[in-house]
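Residue numbers (our numbering), protein chains in the order written: chain P, 1 to 143; chain E, 1001 to 1411.
Some notes on the structure that comes next.
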Ligand SMILES: Cc1ncc(COP(=O)(O)O)c(C=O)c1O
Ligand SMILES: [Zn+2]
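Structure, rendered in structure tokens:
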């Protein structure tokens, strides 16, 4: 059933988890994101060394979808280069737009694949994409 | 005596299943559903009478003119106004904008103030911001008491002063469901020589409203929140004010005579109705008035009060629910209650309740300044219409605890 896919165990665990929800000691970049439709707010913090994201975290308030998406994203991008993070961003946004992705690309999105069902819920698309759009902006700030 | 139990049968839209469940519609404050009676009258207008009102000299055009003007007379009687004080617009928002453009922007200047409660819907707030910015006048807020959610008398006395030219306020708040003291606000406004603007969008569907008796200068409401169609609303204005105001939009039907360089305008209400109007909508609104009258205010009010008590008592018993505004089940409330479920964003609550067939509103309810003032980000809102039953209320109350469970909380 659609609702159980949207609020699957993996999504609700991420949404309630505080693991990635914290400030970084010395962030290289801090970027704000806002989704006016839900009022979801997010501040994404990245620590970068030699073009690699060595740590990532977020603080914010919002719906379960936006919070889960942010938590999943910070897990995925940790240890990735700027370019790799940019490619993940494009892959995630493509998935939410309902495009077919090959298996390797889907695998690269790790837990975030669980958000695929959001592509069929137009009202919640912005919730899932907010952290990723914010990441896009942060990557621009880094270059 | 109308049998209020079977009212839902009058509303064909309610008979469908949503996500495999019986449809429970609890968002009438956003828009109410329409009974067959209203839908049939609109249909009949288009099938038998829909020529252009006021334009033709043939049978159908006369029928259309009569239908449109009869609708105006019916609506006027319903809200305690004269027919020439009732202007058809697209919705309450357009009515309020008309007051802003044609009255406020011409009568405000630097040093003047517009006073409104902090709880206003954006439609009765942003137009005043725009008027204040355009004229240099001050937009001043009356802050409600956070416990009772009413406007303290001292706020009314203090904020409405000699500088005040306009006092605008909702009759019933679309977030809190509480009723504001129109009599006090009108009395204070009169004492300082200000005009009053009543946003009646959430009151007209729930109890008898009489603009002449209330003594307001302007009022606005929408057909679609009172079992009528979307796309038609009403502006009420006191005749002397309407006569002095310039037209809003210009074009056909709002003129007396047009010369090459200038024109004479029609008298109110037609002065404010340029171009072909939503005559089918006006006919539908009049049908909605007749539908409400056929149920009777006593029946509607006693039923909605009983349902609201049941809902409020049920919410009070839920461990994980906090009501926005007074949680007292005995408090006066008109069809609306907003609340939050601990640890749950209202949009998730709405999505999950929808999976059980229940439609509620989630978000900021077009009242950002109120929620900011109350320190709430957003909320769920359940609102009632004549078709709601105990079963609907009980279904909502039984599904609220399931929301937290779906999100993986233990209880
Ligand atoms: C109190 C209040 N005022 C004004 C409006 C605006 O009504 P409409 O959208 O029909 O113009 C609403 C609708 O939500 C309302 O609740
Ligand atoms: Zn969201």
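Just so it is clear, CB atoms sit at the ideal spot from N, CA and C, and this is done for glycine as well.
Predicted model, so just to flag it, every value in this text is computed and none were measured.
Is residue i a contact residue of ligand 1, with contact defined as CB to any heavy atom under 7 angstroms?
i: residue 1277 of chain E; result: no
i: residue 1224 of chain E; result: yes
i: residue 1199 of chain E; result: yes
i: residue 1123 of chain E; result: yes
i: residue 26 of chain P; result: no
i: residue 1149 of chain E; result: no
i: residue 1032 of chain E; result: no
i: residue 1170 of chain E; result: yes
i: residue 1202 of chain E; result: yes
i: residue 1029 of chain E; result: yes
i: residue 1380 of chain E; result: no
Under 7 angstroms: does the beta carbon of residue i sit that close to some heavy atom of ligand 2?
i: residue 1070 of chain E; result: no
i: residue 1354 of chain E; result: no
i: residue 3 of chain P; result: no
i: residue 117 of chain P; result: no
i: residue 1298 of chain E; result: no
i: residue 35 of chain P; result: yes
i: residue 43 of chain P; result: no
i: residue 14 of chain P; result: no
i: residue 1347 of chain E; result: yes
i: residue 65 of chain P; result: yes
i: residue 1252 of chain E; result: no
Rounded to the nearest angstrom, what separates residue i and residue j at their Cα positions?
i: residue 1324 of chain E; j: residue 1335 of chain E; result: 14 angstroms
i: residue 1250 of chain E; j: residue 1071 of chain E; result: 23 angstroms
i: residue 1176 of chain E; j: residue 1289 of chain E; result: 25 angstroms
i: residue 81 of chain P; j: residue 1017 of chain E; result: 49 angstroms
i: residue 1115 of chain E; j: residue 122 of chain P; result: 39 angstroms
i: residue 1024 of chain E; j: residue 51 of chain P; result: 53 angstroms
i: residue 1009 of chain E; j: residue 1037 of chain E; result: 11 angstroms
i: residue 145 of chain P; j: residue 63 of chain P; result: Given that chain P is displayed from residue 1 to residue 143, the structure contains no residue 145 of chain P and the question cannot be resolved.
i: residue 15 of chain P; j: residue 1409 of chain E; result: 11 angstroms
i: residue 1359 of chain E; j: residue 1350 of chain E; result: 7 angstroms
i: residue 1247 of chain E; j: residue 1367 of chain E; result: 30 angstroms
i: residue 67 of chain P; j: residue 32 of chain P; result: 14 angstroms
i: residue 1399 of chain E; j: residue 1386 of chain E; result: 22 angstroms
i: residue 136 of chain P; j: residue 120 of chain P; result: 23 angstroms
i: residue 1267 of chain E; j: residue 44 of chain P; result: 60 angstroms
i: residue 1216 of chain E; j: residue 1079 of chain E; result: 12 angstroms
i: residue 1315 of chain E; j: residue 1168 of chain E; result: 32 angstroms
i: residue 1257 of chain E; j: residue 1265 of chain E; result: 7 angstroms
i: residue 1301 of chain E; j: residue 92 of chain P; result: 51 angstroms
i: residue 1058 of chain E; j: residue 1295 of chain E; result: 36 angstroms
i: residue 1193 of chain E; j: residue 1185 of chain E; result: 12 angstroms
i: residue 1219 of chain E; j: residue 1110 of chain E; result: 25 angstroms
i: residue 1081 of chain E; j: residue 1095 of chain E; result: 16 angstroms
i: residue 1129 of chain E; j: residue 1089 of chain E; result: 21 angstroms
On a Cα-Cα basis, can you pick out the residue from the options that is closest to residue i?
i: residue 1394 of chain E; options: E:1022, E:1201, E:1153; result: E:1022
i: residue 1144 of chain E; options: E:1155, E:1138, E:1106; result: E:1155
i: residue 1326 of chain E; options: E:1134, E:1313, E:1319; result: E:1313
i: residue 1285 of chain E; options: E:1276, E:1317, E:1221, E:1321; result: E:1221
i: residue 1076 of chain E; options: E:1354, E:1237, E:1097, E:1299; result: E:1237
i: residue 1242 of chain E; options: E:1087, E:1215, E:1047; result: E:1087
i: residue 69 of chain P; options: P:28, P:100, P:133, P:29; result: P:133
i: residue 1162 of chain E; options: E:1151, E:1189, E:1291, E:1013; result: E:1189
i: residue 1309 of chain E; options: E:1033, E:1297, E:1331, E:1321; result: E:1331
i: residue 1197 of chain E; options: E:1229, E:1205, E:1093; result: E:1093
i: residue 129 of chain P; options: P:110, P:104, P:90, P:105; result: P:90
i: residue 60 of chain P; options: P:141, P:139, P:142, P:131; result: P:131
i: residue 1137 of chain E; options: E:1164, E:1333, E:1168; result: E:1164
i: residue 1342 of chain E; options: E:1130, E:1245, E:1404; result: E:1404
i: residue 1103 of chain E; options: E:1184, E:1166, E:1297; result: E:1166
i: residue 1390 of chain E; options: E:1031, E:1338, E:1066, E:1311; result: E:1311
i: residue 1345 of chain E; options: E:1407, E:1293, E:1397; result: E:1407
Quick one: list the residues of chain B neighbouring residue i, beta-carbon separation under 9 angstroms, in chain order.
i: residue 129 of chain P; result: Any reference to chain B falls outside this structure, whose protein chains are P and E.
Under 8 angstroms, with one C-beta from each stretch per pair, do the stretch 17-34 of chain P and the stretch 104-118 of chain P reach the 3-pair mark?
In short, these stretches do not touch, since the Cβ pair count stays below three.
Which of the residues in the stretch 58-69 of chain P, read from start to end, lie with their CB under 9 angstroms from any CB of chain E?
Listed in sequence order: 61, 62, 63, 64, 65, 66, 67.
Tell me which residues of the stretch 1291-1315 of chain E have at least one Cβ-Cβ distance to chain P shorter than 8 angstroms, keeping chain order.
Listed in sequence order: no entries.
With 9 angstroms as the C-beta to C-beta threshold (strictly closer), list the residues of the stretch 108-124 of chain P near chain E in chain order.
Contact residues of the stretch 108-124 of chain P toward chain E are 121, 123, 124 (C-beta to C-beta distance below 9 angstroms).
Against chain P, which members of the stretch 1051-1084 of chain E pass a CB distance test of less than 8 angstroms?
When C-beta distances to chain P are compared with 8 angstroms, every residue of the stretch 1051-1084 of chain E stays at or above that value.
Taking 8 angstroms as the threshold, find out whether the stretch 72-81 of chain P comes into contact with the stretch 53-61 of chain P through three or more Cβ pairs.
Counting C-beta pairs closer than 8 angstroms gives three or more between the stretch 72-81 of chain P and the stretch 53-61 of chain P, which meets the contact rule.
Members of the stretch 1358-1372 of chain E near chain P, C-beta cut-off 8 angstroms
Against chain P - using a Cβ distance shorter than 8 angstroms - the residues of the stretch 1358-1372 of chain E are 1363, 1364.
Touching or not, the stretch 1045-1063 of chain E and the stretch 1272-1287 of chain E, by the rule of three or more beta carbon pairs under 8 angstroms?
Contact between the stretch 1045-1063 of chain E and the stretch 1272-1287 of chain E is present, because at least three Cβ pairs lie under 8 angstroms.
Report yes or no: do the stretch 92-100 of chain P and the stretch 37-46 of chain P share at least 3 C-beta pairs separated by less than 8 angstroms?
No: fewer than three Cβ pairs fall under 8 angstroms.
Members of the stretch 26-47 of chain P that neighbour chain E once the beta carbon cut-off is set at 7 angstroms:
Along the stretch 26-47 of chain P, the positions whose C-beta sits under 7 angstroms from a C-beta of chain E are 38, 39, read in chain order.
Chain E contacts made by the stretch 77-99 of chain P, where a contact means CB separation under 8 angstroms:
So nothing in the stretch comes that close.
Scan the stretch 1316-1350 of chain E for residues whose Cβ lies nearer than 7 angstroms to a Cβ of chain P and list them as they occur along the chain.
Listed in sequence order: 1345, 1347, 1348.
Using a Cβ-Cβ cut-off of less than 8 angstroms, give me the residues of the stretch 1392-1407 of chain E that come near chain P, in sequence order.
Residues passing the 8 angstroms Cβ filter: 1406, 1407.
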